[in-house]
Amino acid sequence: MRRVLCAALALAAAEPWQSGQAAELKQYQYRQVSISACRADPRTDTIRTYWKDAAGQPLATFARLDAMLRAQGQEMLCATNAGIYDKQLQPLGLYVERGSVLRKLNTRKNAYGNFYMQPNGVFVLGERQAYIVETSDYAAQSTLWDATARYATQSGPLMIVAGKINARFDPDSMNAVVRNAVCLDSAGMVTLAIARNPISFHDFASFLRDELKCTDALYLDGSISRIYPSLEANMGPAFGAMIAVVKNAGGK
1 MRRVLCAALA LAAAEPWQSG QAAELKQYQY RQVSISACRA DPRTDTIRTY WKDAAGQPLA
61 TFARLDAMLR AQGQEMLCAT NAGIYDKQLQ PLGLYVERGS VLRKLNTRKN AYGNFYMQPN
121 GVFVLGERQA YIVETSDYAA QSTLWDATAR YATQSGPLMI VAGKINARFD PDSMNAVVRN
181 AVCLDSAGMV TLAIARNPIS FHDFASFLRD ELKCTDALYL DGSISRIYPS LEANMGPAFG
241 AMIAVVKNAG GK
């Protein structure tokens with residue numbers, strides 16, 4: 001099983017991360033683009049994916065997710081949309097909650113849209129450990145990965161693989177939109193990041209690699225993307241699944 005990780009947030013303006021430190025949202029400037037990043041430790045923080053409420057309806061917004069968590073005695077520290085979805089707010093690819101596969105792995109390649117840009121991949125949360133796995137690798141060892149995944153969401157493309165930016169990304173591209181991603185670091189930390197101003201794939205990947213020292217990153221979505229907490233968190237369209245970092249109301 002190949003474990004995929006990145007390195008710690010390393011901008012001069014950021015303080016060093018200490019093990020056990022609570023997840024928090026930090027702001028960065030990169031080439032006139034405002035970027036927010038929330039970093040959490042899967043060994044000590046509760047990180048998971050959410051899609052539907054108890055009645056089986058898509059939660060769709062951070063406000064509804066927050067209300068559900070508060071009713072359960074939990075506090076949402078940060079959250080972002082968890083990948084590309086269809087008009088029925090269903091994840092376009094693999095989606096796992098509490099070890100149950102709710103949407104199957106999507107291995108299609110020759111189709112339109114960012115989800116199908118190769119290689120794409122899966123963000124996996126196991127027991128106290130996180131992974132980013134290329135879709136073909138997941139499919140080749142599906143029994144193993146299905147047993148490992150407590151929570152998982154598939155999206156695409158992979159932005160960084162083993163420290164290398166996706167070769168399909170054009171450094172001179174003028175295609176700039178709001179984008180969000182998830183990456184992992186060499187200490188095993190999870191970072192949810194969003195460029196809150198338009199940015200190209202290549203520039204966003206460069207930020208994740210060169211400034212945050214990510215070695216592996218998975219693109220989540222584009223123009224519709226939001227992060228919580230922020231002023232615009234609940235503005236915009238309904239989401240499919242979401243990734244959130246939470247804590248119990250009384251503490252960890």
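Reminder that position 141 of the sequence shown reads as 141 in full-length UniProt numbering, one-by-one numbering, no gaps. Glycine is no exception: its CB is placed at the ideal position from the N, C-alpha and C atoms.
Beta-carbon proximity check, residue i vs residue j, cutoff 9 Å
i: ILE132; j: ALA217; result: yes
i: residue 293; j: THR135; result: An answer regarding residue 293 cannot be provided, because it is not within the stretch 1 to 252 covered by the chain.
i: GLY240; j: ALA55; result: no
i: ILE165; j: ALA181; result: no
i: TYR228; j: PHE62; result: yes
i: LEU25; j: CYS78; result: yes
i: LYS179; j: ASP221; result: Here residue 179 is Arg; the residue named in the question, Lys, does not match the sequence. For ARG179 and ASP221, yes; Cβs fall inside 9 Å.
i: LEU105; j: SER142; result: yes
i: TYR50; j: ALA238; result: no
i: SER34; j: ARG226; result: no
i: GLN90; j: ARG103; result: yes
Outcome for residue i when other beta-carbon atoms lying within 10 angstroms are tallied against a minimum of 16
i: SER200; result: buried
i: GLN27; result: exposed
i: ASN234; result: exposed
i: residue 311; result: Because the chain here runs from 1 to 252, residue 311 falls outside it and cannot be looked at.
i: MET242; result: buried
i: GLN29; result: exposed
i: ALA140; result: exposed
i: THR80; result: buried
Residues near residue i by beta carbon distance below 8 Å, same chain, minus five either side
i: LYS109; result: TYR116, GLN118
Neighbourhood of residue i by C-beta distance below 6 Å, restricted to the same chain and skipping five residues each side
i: ALA149; result: VAL96, VAL124
i: LYS52; result: PRO58
i: THR46; result: VAL246
Same chain, Cβ closer than 7 Å to residue i, neighbours up to 5 away in sequence not counted
i: ASP146; result: VAL101
Per-residue DSSP class, three states only, for residue i
i: ALA71; result: helix
i: LEU92; result: coil
i: ASN197; result: strand
i: residue 253; result: No statement about residue 253 is possible, as the shown extent of the chain runs from 1 to 252 and does not include it.
i: THR148; result: helix
i: LEU218; result: strand
i: ARG226; result: coil
i: SER136; result: helix
i: SER206; result: helix
i: LEU158; result: strand
i: SER186; result: coil
i: ARG31; result: coil
i: PHE169; result: coil
i: ARG39; result: strand
i: PHE123; result: strand
i: ALA79; result: strand
i: ARG128; result: coil
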